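The structure under discussion appears below in the form of structure tokens.
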Amino acid sequence: MFGRWLGNKGATGAVRGNALAGLDVPDSAGVLSCRVLDPVNEPVQQAEFVVTDTAGRKVVGGETDPFGNVLATVPAGEYRLAVTAEGFTPFHGSAAVAEGAHAGLGDVMLQVSAPPQLPDPGEWEIEPMHSQIGFTARHIGMARIHGRFNTFAGAVRIADRMENSAMHVIIDAASIDTNVQMRDDHLRSGDFLDVGRYPTLEFYSERFVHRGGTRWGVSGALTLHGVSRTVTLDTQYLGLGNGLEGETRAACRATTELHREDFTLTWQTMLARGIAAVGSSISIDMDIQIVPKS
318 MFGRWLGNKG
328 ATGAVRGNAL
338 AGLDVPDSAG
348 VLSCRVLDPV
358 NEPVQQAEFV
368 VTDTAGRKVV
378 GGETDPFGNV
388 LATVPAGEYR
398 LAVTAEGFTP
408 FHGSAAVAEG
418 AHAGLGDVML
428 QVSAPPQLPD
438 PGEWEIEPMH
448 SQIGFTARHI
458 GMARIHGRFN
468 TFAGAVRIAD
478 RMENSAMHVI
488 IDAASIDTNV
498 QMRDDHLRSG
508 DFLDVGRYPT
518 LEFYSERFVH
528 RGGTRWGVSG
538 ALTLHGVSRT
548 VTLDTQYLGL
558 GNGLEGETRA
568 ACRATTELHR
578 EDFTLTWQTM
588 LARGIAAVGS
598 SISIDMDIQI
608 VPKS
């Protein structure tokens with residue numbers, strides 16, 4: 318793909334002549350490139366790359382293309398290139414880019430990283446002091462409102478095969494908190510959560526699916542406002558660690574998106590020009606730590 322622009326793809330250092338033909342490169346700039354491969358020489362797609370200057374400031378970043386290529390036009394100077402991809406150890410390299418020249422790092426080979434150790438089989442529980450269940454909703458078609466639930470509890474049964482594990486989480490609906498009392502009272506009312514009739518939200522899952530590297534899909538039934546729907550949490554497992562008292566902890570981040578109408582949360586008011594006061598989609602973002610059940 319880049320051969321007609323950059324000359325020999327595997328060469329390193331500056332390549333002059335017609336190497337930059339077809340690219341609109343300013344006189345004071347050059348091109349930095351490489352191809353990102355896995356250990357069996359297959360291109361790594363959507364690997365993230367960041368180019369920084371000698372002061373550590375980000376100059377440009379992005380993702381590799383379907384052929385694993387990185388291509389960046391930058392002012393002449395000294396640079397560092399960092400490449401990261403799920404399941405691989407990061408790559409760090411340096412290059413000097415001259416005016417009107419091509420600095421090619423050739424083929425960058427990423428090595429497979431060891432997956433983090435999974436929690437031991439047994440009964441675990443969410444540690445609420447170091448966990449958070451948050452959400453984001455659209456407001457008046459442009460702004461975003463951030464909130465969280467302050468009170469929740471959960472148990473996780475880790476099986477011998479992680480795929481056979483299960484979890485159950487209960488959230489106190491009245492603990493919703495957006496940092497505005499009047500708005501929180503409205504969210505607790507019959508227009509939204511109706512906490513008098515439906516005091517809790519519950520999530521139960523028996524389906525843990527490994528998606529590669531540290532990524533998992535956790536699917537289960539979410540019961541909200543008296544309605545149950547299947548929801549999948551896009552989960553990144555962060556590994557094991559130890560707390561201040563030496564206790565073992567495991568951590569993960571999880572996200573998903575809900576639609577209010579799926580749970581009969583249909584209250585709405587329209588502003589001028591038909592703009593909805595509250596958006597339909599709610600983004601859920603969780604940071605969870607679990608500890609062995611005592």
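Quick note on numbering: the sequence shown equals residues 318 to 611 in the numbering used here. Backbone N, C-alpha and C fix where the C-beta goes; we use that ideal spot for every residue, glycine too. These figures come from a predicted structure and were not determined experimentally.
Suppose you measure from the CA of residue i to the CA of residue j; what does that come to, to the nearest Å?
i, j, result
"residue 556", "residue 410", "27 Å"
"residue 606", "residue 562", "15 Å"
"residue 341", "residue 379", "19 Å"
"residue 507", "residue 514", "9 Å"
"residue 361", "residue 581", "43 Å"
"residue 492", "residue 431", "39 Å"
"residue 588", "residue 442", "Low local confidence applies: a pLDDT of 43 at residue 588 is under 50, so the model's placement there is unreliable, with the coordinate-based value given in what follows. Approximately 44 Å between the Cα atoms of the pair."
"residue 574", "residue 347", "42 Å"
"residue 393", "residue 419", "10 Å"
"residue 565", "residue 554", "15 Å"
"residue 428", "residue 364", "13 Å"
"residue 576", "residue 567", "30 Å"
"residue 522", "residue 381", "35 Å"
On the DSSP bridge assignment, give the partners of residue i in chain order.
i, result
"residue 384", "Per DSSP, none; premise fails for residue 384."
"residue 466", "450 and 493"
"residue 426", "354"
"residue 401", "365"
Would you mind stating whether residue i and residue j have Cβ atoms separated by less than 8 Å?
i, j, result
"residue 453", "residue 600", "yes"
"residue 483", "residue 440", "no"
"residue 412", "residue 398", "yes"
"residue 437", "residue 488", "no"
"residue 511", "residue 542", "yes"
"residue 422", "residue 385", "no"
"residue 376", "residue 396", "yes"
Within its chain, find whatever has a CB closer than 7 Å to the CB of residue i; leave out the 5 residues flanking it on each side and keep chain order.
i, result
"residue 525", "479, 480, 482, 533 and 535"
"residue 604", "448, 449 and 570"
"residue 467", "492 and 494"
"residue 401", "364, 365 and 407"
Could you pull out every residue in the same chain whose Cβ sits closer than 6 Å to the Cβ of residue i, ignoring the five residues on either side in sequence?
i, result
"residue 602", "451 and 572"
"residue 496", "none"
"residue 434", "557"
"residue 552", "533, 535, 569 and 571"
When you measure from the CB of residue i to every non-hydrogen atom of the ligand FMN, does any distance come out below 7 Å?
i, result
"residue 379", "Although the ligand FMN was asked about, the structure shown includes no ligands whatsoever."
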